[in-house]
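Novice: For reference, the structure I am asking about is given below.
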Amino acid sequence: MAIDPVAELRAAVAEAAGTLAGGEQRLPGLERPPKPDFGDYSTNAAMLLAPVMSEPPRGVAEKLGELLGERLAGVLERVEVAGPGFLNLFVSDEWLRSALAGMVAAEDGYGGGVASEAERVLVEFVSANPTGPVTVASGRHAAYGDSLARILDFAGHDVEREFYVNDYGSQMRRLGESIKARARGEEPPTDGYHGGYVTELAEKIDGAAESDVDELATQSATLILESVEATLERFRVHFDRFFSERSLHEADKLRAVLTLLEEKELAYPSEGAVWMRTTEYGDDKDRVLMRSNGEMTYFTADIAYHRDKLERGYDRAIDVLGADHHGHVTRMLAAWDLLGGEGGTLELPIMQIVSLMEGGQRVQMSKRGGEFVTLDELIDDIGVDAARFFLLQRSHDTALDLDLSLARDRSQDNPVYYLQYAHARIASILRKAGSEAVDAATAADLAGSAEHLHASACALLKRLLEWPAEVLEAADRRAPHRITVYLHVLAQDFTAFYRDVKVVGAAEEGGDEAFRIAMCVATRRVLARGLDLLGVEAPEEMHRDDAA
RNA sequence: GCCCCGGUAGCUCAGUGGACAGAGCGUCGGCCUUCUAAGCCGGUGGUCGGAGGUUCGAAUCCUCCCCGGGGCGCCA
Numbered sequence: 005m006a007i008d009p010v011a012e013l014r015a016a017v018a019e020a021a022g023t024l025a026g027g028e029q030r031l032p033g034l035e036r037p038p039k040p041d042f043g044d045y046s047t048n049a050a051m052l053l054a055p056v057m058s059e060p061p062r063g064v065a066e067k068l069g070e071l072l073g074e075r076l077a078g079v080l081e082r083v084e085v086a087g088p089g090f091l092n093l094f095v096s097d098e099w100l101r102s103a104l105a106g107m108v109a110a111e112d113g114y115g116g117g118v119a120s121e122a123e124r125v126l127v128e129f130v131s132a133n134p135t136g137p138v139t140v141a142s143g144r145h146a147a148y149g150d151s152l153a154r155i156l157d158f159a160g161h162d163v164e165r166e167f168y169v170n171d172y173g174s175q176m177r178r179l180g181e182s183i184k185a186r187a188r189g190e191e192p193p194t195d196g197y198h199g200g201y202v203t204e205l206a207e208k209i210d211g212a213a214e215s216d217v218d219e220l221a222t223q224s225a226t227l228i229l230e231s232v233e234a235t236l237e238r239f240r241v242h243f244d245r246f247f248s249e250r251s252l253h254e255a256d257k258l259r260a261v262l263t264l265l266e267e268k269e270l271a272y273p274s275e276g277a278v279w280m281r282t283t284e285y286g287d288d289k290d291r292v293l294m295r296s297n298g299e300m301t302y303f304t305a306d307i308a309y310h311r312d313k314l315e316r317g318y319d320r321a322i323d324v325l326g327a328d329h330h331g332h333v334t335r336m337l338a339a340w341d342l343l344g345g346e347g348g349t350l351e352l353p354i355m356q357i358v359s360l361m362e363g364g365q366r367v368q369m370s371k372r373g374g375e376f377v378t379l380d381e382l383i384d385d386i387g388v389d390a391a392r393f394f395l396l397q398r399s400h401d402t403a404l405d406l407d408l409s410l411a412r413d414r415s416q417d418n419p420v421y422y423l424q425y426a427h428a429r430i431a432s433i434l435r436k437a438g439s440e441a442v443d444a445a446t447a448a449d450l451a452g453s454a455e456h457l458h459a460s461a462c463a464l465l466k467r468l469l470e471w472p473a474e475v476l477e478a479a480d481r482r483a484p485h486r487i488t489v490y491l492h493v494l495a496q497d498f499t500a501f502y503r504d505v506k507v508v509g510a511a512e513e514g515g516d517e518a519f520r521i522a523m524c525v526a527t528r529r530v531l532a533r534g535l536d537l538l539g540v541e542a543p544e545e546m547h548r549d550d551a552a
């Protein structure tokens, strides 16, 4: 069981509420109130219970407070009824000290394993045509998908990362045609690919000018995929599997899908093509499975691909899609349903677009004409840490403006360095304390410490106590950006603690050095873990002089 | 026309039923004999797009409308 003192407190409140009202009740909330005056935690339990018990909320709060006071004698200093019926809880220093002890004992696992039910999850993301370099847009997908996978993994799920390679179809043909054209010193077709890499490939592949277009496409796709993979690895994104669309065609999996759909009477011929009745699943029109020229559409391949996913027996599949693919959602859910996938087990989060800004101006990154910013260029410019952090900072369903001048800035203005600096600062303190003192501190009886908690220490402890719930929220809501927000306030709280409380030499001000070292250790672990979930490094040292 | 995502401080955005709405950047003013000033403290700043509704309570849920972005192919 994951160590989470706040969850235990919440459970105690829920239990007391159950005792008062009898039976199952709406689960009461336990949250950090907006003002210190409102206690360390507050619960709306009384307001939820009031209608059930047909009593005024404040009266219920009084009773609940009394009951909690008895049951949690050592935990709660006092309780107060406030406002419309909130019950504000003031925890004891004793409870906070033992909470720290719990965190420290949990070591690197603190905050992990919080998922209520461990699932086998497949996260599919990026999944671009292997027709060119990774763009910044795909970079956002990569950062999101990978970070989500890291979070789900830490929360206790069994996660696989997969890249679906669209190495088949008309886009590939266009690539082949474009390369052949370049090899002959001609312009690629209007709807072909015009980037400089096309010319490079044309030069790299022997006899490209004379090659068969399809063969050329296959050959170059392999080369492009290698560089795509290299870029993603550089971005600290590692896929467990690259799943080839071509392999589905070669194994005749699309034909099998067609047969299956025909058996279920969900496929029908019309105008020389074969269609699927996606309208039966709420789509606004039926979709073509096989074109009148006998070729299968990407949709049929997608169905075959998802059939394969289902056969692999995951509990859940998450497909990260781009905003331009949102129209696919309904038909993919339809496909999932008819293939026997359980409702709600296929999720299709939609990534909104990313724009690069430079001094308030939008940077052109149109893919047409081959003038677009690649992920490699972005990394060269601002570094992996800043790139990942900035791409993750905003919710996936909001359009993102990435300010290059701010992201590039190796200065105090850059939020990613603020977090790394907090980590480096703790590392510095622990170095100064010495490894023996640190080892002793983590082994010490922290719960029994005589440390009198400074307000900043209380605030920091309570922030650290939010970590397990924060991981769970980020995992359940597929929201890595929440981690960036949390780490920022954590770093702020640590900085306040650093300002107000002396760690090394605590005895000089009557404090317990071991206890304070343990707080540093706990904070450092959460910061390091949080940064890791974002794919950002946690440096041991940072110096301003490093900046040019 | 239909579908998706936004509309919260000057800018970029957190905040999916709780108490007088937050952060970063910007701006103004202060702080380096200190466990790292890549830091800290203070000031400035908001009709939460609009109108109704649900609720003890709404930025948050529902309906309608306005504005911005994206999508609506026998391309992927």
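Take any residue in the first sequence, note its place counting from 1, add 4, and you have its number in the numbering used here. From the three backbone atoms N, C-alpha and C, an ideal C-beta is built for every residue, glycine too.
1) So the candidates are K184, A542 and A518; which of them puts its Cα closest to the Cα of D210?
2) Within a Cβ cutoff of 7 Å, which residues of the same chain sit near R75, ignoring the five residues on either side of it in sequence?
3) Can you find at least 3 beta carbon pairs, one from the stretch 160–171 and one from the stretch 132–142, that sit closer than 8 Å?
4) Does the stretch 289–301 come within contact of the stretch 99–116, defined as at least 3 CB pairs closer than 8 Å?
5) Let's see if you can read the secondary structure: which residues bound the alpha helix (DSSP H) around D390?
6) Would you call the stretch 149–167 in contact with the stretch 261–274, where contact means no fewer than 3 C-beta pairs closer than 8 Å?
7) Rounding to the nearest angstrom, what Cα-Cα distance links L24 and P37 in this structure?
8) Assign V489 to one of two classes, buried (16 or more other C-beta atoms within 10 Å of its C-beta) or exposed (fewer than that).
9) Does the distance from the CB of I322 to the CB of V130 come in under 8 Å?
10) Tell me whether A109 counts as near the ligand MN, meaning its Cβ is closer than 7 Å to at least one heavy atom of that ligand.
11) If V505 sits next to R520, beta carbons under 8 Å apart, how far is it from one beta carbon to the other, in whole angstroms?
12) For G116, which residues in the same chain have their Cβ closer than 6 Å to its Cβ, ignoring the five residues on either side in sequence?
13) Would a C-beta distance cut-off of 8 Å place L342 and L270 closer than the cut-off?
14) I'd like the span of the alpha helix (DSSP H) that includes L406, first residue to last.
15) Which of the three DSSP states is assigned to G373 in this structure?
16) In whole angstroms, give me the CA-to-CA distance for R144 and H400.
17) Taking the beta strand (DSSP E) that Y168 falls in, what are its first and last residues?
18) In the DSSP assignment, what are the bridge partners of F553?
19) Measuring only the C-alpha atoms, how far is G374 from R467?
20) Measuring alpha carbon to alpha carbon, tell me which residue in F501, H242 and E513 is nearest L152.
21) Would you check if there are 3 or more beta carbon pairs closer than 8 Å linking the stretch 383–394 to the stretch 233–251?
22) So, for D195: in the same chain, excluding its five sequence neighbours on each side, which residues have a beta-carbon less than 7 Å away from its beta-carbon?
23) With distances taken from CA atoms, which of V358, K313 and V420 is nearest M579?
24) Which residues does DSSP pair with W279 in a beta bridge?
25) Could you tell me if C180 is buried or exposed, where buried requires 16 or more neighbouring beta carbons within 10 angstroms of its beta carbon?
26) From A459 to G63, what distance separates their C-alpha atoms?
27) Which of helix, strand or coil does DSSP assign to A18?
28) What is the DSSP secondary structure of T499, counted as helix, strand or coil?
29) Report the three-state DSSP secondary structure of D112 (helix, strand or coil).
30) Nearest CA to the CA of L52: which residue from A225, L31 and K39?
31) Looking at S432: is its Cβ nearer than 8 Å to the Cβ of E362?
32) Residues in its own chain within less than 6 Å of D97 by CB, not counting five upstream and five downstream?
33) Measuring straight from C-alpha to C-alpha, what distance separates L404 and L360?
34) The beta strand (DSSP E) that contains A444, what's its start and end?
35) Kindly indicate which three-state DSSP category I354 falls into: helix, strand or coil?
36) Who are the Cβ neighbours of R372 in its own chain at under 7 Å, not counting the five residues just before and after it?
Specialist: If we stick to the structure as given:
1) K184
2) Spatial neighbours of R75 in its own chain (CB-CB distance under 7 Å, excluding positions within 5 residues in sequence) are listed in chain order as A16 and A20.
3) yes
4) Taking 8 Å as the limit for Cβ pairs, the verdict is that the stretch 99–116 does not touch the stretch 289–301.
5) Sequence check: residue 390 is Ala here, not Asp. Looking at the DSSP string, the run of the alpha helix (DSSP H) that includes A390 is V388 to L396.
6) Judged by Cβ distances under 8 Å, the stretch 149–167 makes no contact with the stretch 261–274, as fewer than three pairs qualify.
7) Spanning the alpha carbons of L24 and P37 requires a straight line of approximately 24 Å.
8) V489 comes out exposed.
9) no
10) As for the ligand MN, it is missing from this structure, which has no ligand bound.
11) V505 to R520, Cβ: 6 Å. Contact.
12) F158
13) Result yes, Cβ atoms of L342 and L270 sit closer than 8 Å.
14) Note, L406: premise wrong, no alpha helix (DSSP H); beta strand (DSSP E) at L404 to D407.
15) Model confidence at G373 stands at a pLDDT of 45, short of 50, so the residue's coordinates are unreliable and nothing is read from them.
16) 9 Å
17) D162 to V169
18) With the chain running from 5 to 552 in the structure shown, residue 553 is simply not present.
19) Only weak support exists for where G374 lies, its pLDDT of 46 falling under 50; the coordinates are left without a value.
20) H242
21) yes
22) R178, listed in sequence order.
23) Coverage of the chain is limited to positions 5 through 552, which leaves residue 579 absent and any answer about it impossible.
24) Y272 and V292
25) Reading off the sequence, residue 180 comes out as Gly, not Cys. Result: buried.
26) 31 Å
27) The three-state secondary structure of A18, taken from DSSP, is helix.
28) helix
29) helix
30) L31
31) no
32) L457
33) 8 Å
34) First-last for A444: S439 to A447, but that is the alpha helix (DSSP H), not the beta strand (DSSP E).
35) strand
36) Reliability of the predicted coordinates at R372 is poor, the pLDDT of 43 falling under 50, and no value is obtained from them.
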